[in-house]
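In order, the protein sequences belong to chains A and B. So the first sequence is residues 59 to 170, counted in the numbering used here. So the second sequence is residues 17 to 128, counted in the numbering used here. The beta-carbon is built from N, C-alpha and C at its ideal position, and this holds for glycine as well.
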Amino acid sequence: NAGVTQTPKFRVLKTGQSMTLLCAQDMNHEYMYWYRQDPGMGLRLIHYSVGEGTTAKGEVPDGYNVSRLKKQNFLLGLESAAPSQTSVYFCASTPSGLYEQYFGPGTRLTVT
Amino acid sequence: SQQGEEDPQALSIQEGENATMNCSYKTSINNLQWYRQNSGRGLVHLILIRSNEREKHSGRLRVTLDTSKKSSSLLITASRAADTASYFCATALRGSNYKLTFGKGTLLTVNP
């Protein structure tokens, strides 16, 4: 099993450009999450999904959109990137909201 | 404000010594989890302790939970250079079964 994978690993965007980050898991987990990690801030929840076709806002959702069309995939979109979105993005999944989460390796995004 | 706060923010010890990290939180929880993050990598789950448990062991790890003080500690015994990483506590809040709230982490450096 590959676990949780994220594509791409690195990306540099110019302000105003758009992109989509892909998260895939092969563990048949119901719950999936997108976090951002900034220096000194820990992990902050952007959006999450409790099942195929569902999404919900987390702590810092502004400027991001998500979709969960297939159970194994959770997409994070930036419609118009801003320098404040420079961060490392992590995806995670879990079979239940009360269980441990399994994390992907992260995507390092720089917006210039 | 952060639900979980780790203390200290940074800890430097010699190989073979024990390392203790603490986590305090504000509201009632279902469980508390500890994660490790090696530099530039995704988070890895270490241990989960439920609100009705007081102590849990896993290999060289010992976690305690004091719900009356809303605090937890992670003890790593006989530390190794490979234990060098950031350690995060995460709380699953009671009444919120879908998500974890992460602290800012403790950076542990184990010197050979």
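Beta-carbon proximity of Gly135/A to Thr78/A, cut-off 8 Å: Here residue 135/A refers to the residue found at position 77 when the first sequence is read from its first residue. Here residue 78/A refers to the residue found at position 20 when the first sequence is read from its first residue. It is a contact, given that the beta carbons lie within the stated cut-off.
Test: Met99/A CB closer than 8 Å to a CB of chain B: To locate residue 99/A, count along the first sequence from 1; it is residue 41. So, interface residue.
Proximal chain B residues relative to Gln159/A, where beta-carbon distance stays under 9 Å: Along the first sequence, read from residue 1 onward, the residue named residue 159/A stands at position 101. Within chain B, the residues near Gln159/A are Gln49, Tyr51, Leu59, His61, Ala106, Leu116.
Enclosing beta strand (DSSP E) for Gln95/A [first to last residue]: Looking up residue 95/A in the first sequence gives position 37. Boundaries of the beta strand (DSSP E) around Gln95/A: 89-96.
Reduced DSSP secondary structure (H/G/I, E/B, other) of Ala60/A: Counting from one through the first sequence, the residue named residue 60/A turns up at place 2. Three-state result, Ala60/A: coil.
For Gln143/A, the three-state DSSP class (helix, strand or coil): Start at 1 with the first residue of the first sequence, and residue 143/A comes out as number 85. Looking at Gln143/A - three-state DSSP - the assignment turns out to be helix.
Outcome for Val124/A when other beta-carbon atoms lying within 10 angstroms are tallied against a minimum of 16: Along the first sequence, read from residue 1 onward, the residue named residue 124/A stands at position 66. Using a 10 angstroms sphere on the CB of Val124/A, the tally of other CB atoms reaches 16 or more, which defines it as buried.
Where Pro163/A meets chain B, residues with beta-carbon distance less than 8 Å: One-based indexing of the first sequence puts residue 163/A at position 105. For the C-beta of Pro163/A, the chain B residues within less than 8 Å are, from N- to C-terminus, Arg57, Gly58.
Local Cβ density within 10 Å of Ser17/B, reported as buried at 16 or more and exposed below that: Translated into positions along the second sequence, residue 17/B becomes position 1. Residue confidence is low: Ser17/B scores 44 on pLDDT, short of 50, so the model does not pin down where it sits. Its coordinate-derived value is still stated next. When all chains shown are included, Ser17/B counts as exposed.
Chain A within 8 Å of Gly119/B, Cβ atoms only: Translated into positions along the second sequence, residue 119/B becomes position 103. Yes, because at least one Cβ of chain A sits closer than 8 Å to the Cβ of Gly119/B.
Alpha carbon of Gln159/A to alpha carbon of Ile92/B, nearest angstrom: Working through the first sequence from its first residue, we reach residue 159/A at position 101. Working through the second sequence from its first residue, we reach residue 92/B at position 76. Near 21 Å, if we compare the C-alpha coordinates of Ile92/B and Gln159/A.
Any C-beta of chain A under 8 Å from that of Leu77/B: Numbered from 1 along the second sequence, position 61 holds the residue referred to as residue 77/B. Output row for Leu77/B: interface = no.
Residue nearest to Lys72/B in terms of C-alpha spacing, selected from Ser55/B, Asn54/B, Trp50/B: Here the question's residue 72/B lines up with position 56 in the second sequence. Out of Ser55/B, Asn54/B, Trp50/B, Trp50/B has the C-alpha closest to the C-alpha of Lys72/B.
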